[in-house]
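Participant: In my numbering, the protein residues as written are 1 to 408.
The structure follows.
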Amino acid sequence: MAEFTMELNDEQKEVRDWLHGFAADVIRPAAAEWDEREETPWPVIQEAAKVGIYSLDFYAQQYFDPTGLGIPMAMEELFWGDAGIALSIVGTGLAAVGVLANGTEEQIGTWIPQMYGDANDVKVAAFCSSEPDAGSDVASLRTRAVYDEAKDEWVLDGTKTWATNGGIANVHVVVASVEPELGSKGHASFIVPPGTPGLSQGQKFKKHGIRASHTAEVVLDGVRVPGSCLLGGKEKLDERLARAREKARAGGERVKNAAMATFEASRPAVGAMAVGTARAAYEVALDYAKTREQFGRPIIDNQGVAFQLADMRTQIDAARLLVWRASWMAVNGRPFTAAEGSMSKLFASETAKKVSAQAIQILGGNGYTREYPVERMHRDSTIYTIFEGTSEIQRLVIARTLSGMPIR
Numbered sequence: 001m002a003e004f005t006m007e008l009n010d011e012q013k014e015v016r017d018w019l020h021g022f023a024a025d026v027i028r029p030a031a032a033e034w035d036e037r038e039e040t041p042w043p044v045i046q047e048a049a050k051v052g053i054y055s056l057d058f059y060a061q062q063y064f065d066p067t068g069l070g071i072p073m074a075m076e077e078l079f080w081g082d083a084g085i086a087l088s089i090v091g092t093g094l095a096a097v098g099v100l101a102n103g104t105e106e107q108i109g110t111w112i113p114q115m116y117g118d119a120n121d122v123k124v125a126a127f128c129s130s131e132p133d134a135g136s137d138v139a140s141l142r143t144r145a146v147y148d149e150a151k152d153e154w155v156l157d158g159t160k161t162w163a164t165n166g167g168i169a170n171v172h173v174v175v176a177s178v179e180p181e182l183g184s185k186g187h188a189s190f191i192v193p194p195g196t197p198g199l200s201q202g203q204k205f206k207k208h209g210i211r212a213s214h215t216a217e218v219v220l221d222g223v224r225v226p227g228s229c230l231l232g233g234k235e236k237l238d239e240r241l242a243r244a245r246e247k248a249r250a251g252g253e254r255v256k257n258a259a260m261a262t263f264e265a266s267r268p269a270v271g272a273m274a275v276g277t278a279r280a281a282y283e284v285a286l287d288y289a290k291t292r293e294q295f296g297r298p299i300i301d302n303q304g305v306a307f308q309l310a311d312m313r314t315q316i317d318a319a320r321l322l323v324w325r326a327s328w329m330a331v332n333g334r335p336f337t338a339a340e341g342s343m344s345k346l347f348a349s350e351t352a353k354k355v356s357a358q359a360i361q362i363l364g365g366n367g368y369t370r371e372y373p374v375e376r377m378h379r380d381s382t383i384y385t386i387f388e389g390t391s392e393i394q395r396l397v398i399a400r401t402l403s404g405m406p407i408r
């Protein structure tokens with residue numbers, strides 16, 4: 001087990017600086033354009049693939065970093081560049097985590113490479129969990145998966161929403177209910193291979209922020225996938241369902257469902273994304289406050305501005321520490337006994353919203369225009385308190401964990 005440390009080693013610093021350079025030289029110059037276009041920035045993703053950032057190898061190296069700091073460090077730097085473009089680059093990772101968390105070694109080796117493609121033929125993947133009537137309430141999923149034993153196939157029907165890369169993905173990972181009476185314990189995850197009949201893109205959403213990231217509905221109409229596309233395999237699913245039936249009564253053992261296993265693993269990473277956006281907004285505000293003069297002196301000479309910047313930096317550093325702690329715990333098998341993963345996402349996402357709003361205030365009228373990036377950063381920051389579990393859900397998870405009570 002690696003010791004928890006707040007100091008990056010030489011190799012990590014080298015990777016951080018490399019990512020920072022890519023974010024500064026490639027992502028930032030393209031940010032405003034793709035935000036306005038509201039389209040997937042394929043050329044930027046391809047550039048990331050060419051240098052090795054958008055690849056299975058890079059993702060695996062960071063994911064399996066024994067210190068746990070590889071992923072949060074990478075996320076912070078990329079999202080410092082721009083949240084929308086960065087999400088287009090890393091969005092495939094949520095589907096990959098879904099396979100890593102629930103799949104067999106064979107499934108991991110088969111499907112994750114197909115999620116990324118290569119530098120000459122870039123692909124993306126989508127993780128499909130939320131539904132029009134089931135966002136935070138994952139137990140209410142209506143998408144059904146029915147097993148056709150004669151053909152050893154699963155038949156999927158339903159509509160997914162808020163899917164990053166939904167409909168344009170090469171590989172879709174779909175969470176569906178196989179035994180509705182068990183609620184969230186009756187869920188399973190399925191791979192939908194490229195070109196599978198019955199899967200189509202529904203509505204593409206026009207969003208407040210992260211507009212360079214494709215978000216859409218995914219419609220599943222009689223989608224048939226081989227039995228081998230059930231993540232973890234049928235034997236493992238049958239065993240889990242049997243345990244869930246036995247423990248269905250109140251006070252029984254908790255059995256994690258497929259979606260929750262994915263979200264739990266990814267929450268610190270989302271916190272790191274928020275830290276990157278918050279840091280970017282803070283740096284713009286700090287530079288502006290040093291150079292903008294009013295009444296014959298830089299505005300940072302005023303306590304009202306300087307104290308805001310002091311608070312912004314303090315909150316950013318505190319958020320990063322929570323993210324790093326949770327990331328280290330996850331990689332080293334330490335249980336989240338106080339919901340540390342949710343703590344990190346909650347605090348970091350709220351910090352991003354607050355800091356980016358303060359940055360606009362410091363820039364005044366300029367901050368409210370698209371001539372300066374803090375306006376976009378503030379729009380982008382809003383998503384962190386919503387996706388992969390709202391702030392309210394994070395507080396619920398933390399409160400339930402601390403109290404041991406079924407708080408509603």
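The beta-carbon is built from N, C-alpha and C at its ideal position, and this holds for glycine as well.
Starting from Ser200, follow its DSSP beta bridges and name the residues at the other end.
Facilitator: The residue labelled residue 200 in the question sits at position 200 within the sequence shown. Ser200 is bridged to Val219.
Participant: On the criterion of 16 or more Cβ atoms from any shown chain inside 10 Å, does Leu19 qualify as buried, or is it exposed?
Facilitator: Here residue 19 is taken as the residue at index 19 of the sequence shown, counted from 1. Buried: at least 16 other Cβ atoms inside 10 Å.
Participant: Is the region 369-382 touching the region 301-315, taking contact as three or more C-beta pairs under 8 Å?
Facilitator: no
Participant: Look up Pro194 in the DSSP assignment and give the residues it is bridged to.
Facilitator: Numbered from 1 along the sequence shown, position 194 holds the residue referred to as residue 194. Paired residue(s): none; Pro194 is not in a bridge.
Participant: Taking DSSP's pairing of strands, which residues face Val122 in a bridge?
Facilitator: Your numbering for residue 122 matches position 122 in the sequence shown. Beta-bridge pairing links Val122 to Gly117.
Participant: Please report how far the alpha carbon of Glu253 lies from the alpha carbon of Gly81, in whole angstroms.
Facilitator: On the sequence shown, position 253 is the one that residue 253 refers to. On the sequence shown, position 81 is the one that residue 81 refers to. Confidence at Glu253 is low in this model, with a pLDDT of 47, below 50, so its placement is unreliable and no value can be given for it.
Participant: Consult DSSP for Asp301 and reduce its assignment to one of helix, strand or coil.
Facilitator: Residue 301 sits at position 301 when you count from the first residue of the sequence shown. In this structure, Asp301 counts as helix in the three-state DSSP scheme.
Participant: How many angstroms separate the CA atom of Ala216 from the CA atom of Ala60?
Facilitator: Residue numbering aside, residue 216 sits at position 216 when the sequence shown is read from its first letter. Residue numbering aside, residue 60 sits at position 60 when the sequence shown is read from its first letter. So the two alpha carbons sit approximately 27 Å from each other.
Participant: Taking the beta carbon of Arg408 as the centre, do at least 16 other beta carbons fall within 10 Å, making it buried, or is it exposed?
Facilitator: To locate residue 408, count along the sequence shown from 1; it is residue 408. Burial call: exposed.
Participant: What separation, rounded to the nearest whole angstrom, lies between the Cα atoms of Asn170 and Arg144?
Facilitator: Here the question's residue 170 lines up with position 170 in the sequence shown. Here the question's residue 144 lines up with position 144 in the sequence shown. Looking at the two C-alpha atoms, the distance is approximately 22 Å.
Participant: Here's the rule I'm using: 16 or more other beta-carbon atoms within 10 Å means buried, otherwise exposed. How should Asn102 be labelled?
Facilitator: Translated into positions along the sequence shown, residue 102 becomes position 102. Buried, since its Cβ has 16 or more Cβ neighbours within 10 Å.
Participant: Start and end of the alpha helix (DSSP H) containing Asp57?
Facilitator: As a working mapping, residue 57 is identified with position 57 in the sequence shown. First-last of the alpha helix (DSSP H) with Asp57: 56-63.
Participant: Should Trp111 be labelled buried (16 or more other beta-carbon atoms within 10 Å of its own) or exposed?
Facilitator: As a first step, residue 111 must be located in the sequence shown, where it is residue number 111. Flag for Trp111 reads buried.
Participant: Under three-state DSSP, which class holds Phe127?
Facilitator: Position 127 of the sequence shown holds residue 127. Three-state result, Phe127: strand.
Participant: Given that a residue counts as buried once 16 or more other Cβ atoms are within 10 Å of its Cβ, and exposed if not, what is Arg297?
Facilitator: Along the sequence shown, read from residue 1 onward, the residue named residue 297 stands at position 297. It counts as exposed.
Participant: Contact between the region 92-108 and the region 207-226: three or more CB pairs below 8 Å?
Facilitator: no
Participant: Beta carbon of Lys185, beta carbon of Ala134: below 8 Å?
Facilitator: For the purposes of this step, residue 185 is taken as the residue at position 185 of the sequence shown. For the purposes of this step, residue 134 is taken as the residue at position 134 of the sequence shown. Not closer than 8 Å, so no.
Participant: So, at 7 Å on beta carbons, what are the nonlocal neighbours of Glu153 in its own chain, with the 5 sequence-adjacent residues on each side left out?
Facilitator: Position 153 of the sequence shown, counted from the start, is the residue given in the question as residue 153. Here the set comprises Arg224, Val225, Pro226, Gly227.
Participant: Roughly how far, in whole angstroms, is the beta-carbon of Ile412 from the beta-carbon of Val374, given that I think they are within contact range, below 8 Å?
Facilitator: Lying before the first or after the last residue shown, residue 412 is absent from the chain, which here runs from 1 to 408.
Participant: On the three-pair Cβ rule with 8 Å, is the region 334-344 touching the region 90-97?
Facilitator: no
Participant: Between Gly304 and chain C, is any beta-carbon pair separated by less than 8 Å?
Facilitator: No chain C is part of this structure, which consists of one protein chain only.
Participant: Answer yes or no: do Arg267 and Glu388 have a C-beta to C-beta separation smaller than 8 Å?
Facilitator: For this step, residue 267 is matched to residue 267 along the sequence shown. For this step, residue 388 is matched to residue 388 along the sequence shown. The Cβ atoms of Arg267 and Glu388 sit closer than 8 Å to each other.
Participant: If I follow the unbroken beta strand (DSSP E) through Glu153, where does it start and stop?
Facilitator: The residue you call residue 153 lines up with position 153 of the sequence shown. In the DSSP assignment, Glu153 falls within the unbroken beta strand (DSSP E) covering 153-164.
Participant: Going by beta carbon distance, what residues of the same chain come within less than 6 Å of Pro194, once the five residues before and after it are set aside?
Facilitator: In the sequence shown, counting from the first residue as 1, residue 194 sits at position 194. Counting only Cβ-Cβ distances below 6 Å, and skipping sequence neighbours, we find Asn170.
Participant: Taking Val15 as the reference, give the member of Glu38, Glu47, Gly52 with the closest Cα.
Facilitator: Here residue 15 refers to the residue found at position 15 when the sequence shown is read from its first residue. Out of Glu38, Glu47, Gly52, Gly52 has the C-alpha closest to the C-alpha of Val15.
Participant: Near His172, what residues of its chain come up, given a Cβ to Cβ distance below 6 Å and the 5 sequence neighbours on each side ignored?
Facilitator: The residue you call residue 172 lines up with position 172 of the sequence shown. Answer for His172: Ala126, Cys128, Val192, listed in chain order.
Participant: Distance check for Val219 and Glu77, CA to CA, integer angstroms please.
Facilitator: As a first step, residue 77 is located in the sequence shown; it is residue number 77 there, counting from the start. As a first step, residue 219 is located in the sequence shown; it is residue number 219 there, counting from the start. About 34 Å.
Participant: Please tell me whether Glu131 and Gly158 are closer than 8 Å, where the distance is taken between their beta carbons.
Facilitator: Here residue 131 refers to the residue found at position 131 of the sequence shown. Here residue 158 refers to the residue found at position 158 of the sequence shown. Contact: yes.
Participant: Three or more C-beta pairs closer than 8 Å, one from the region 114-125 and one from the region 275-290: is that the case here?
Facilitator: no
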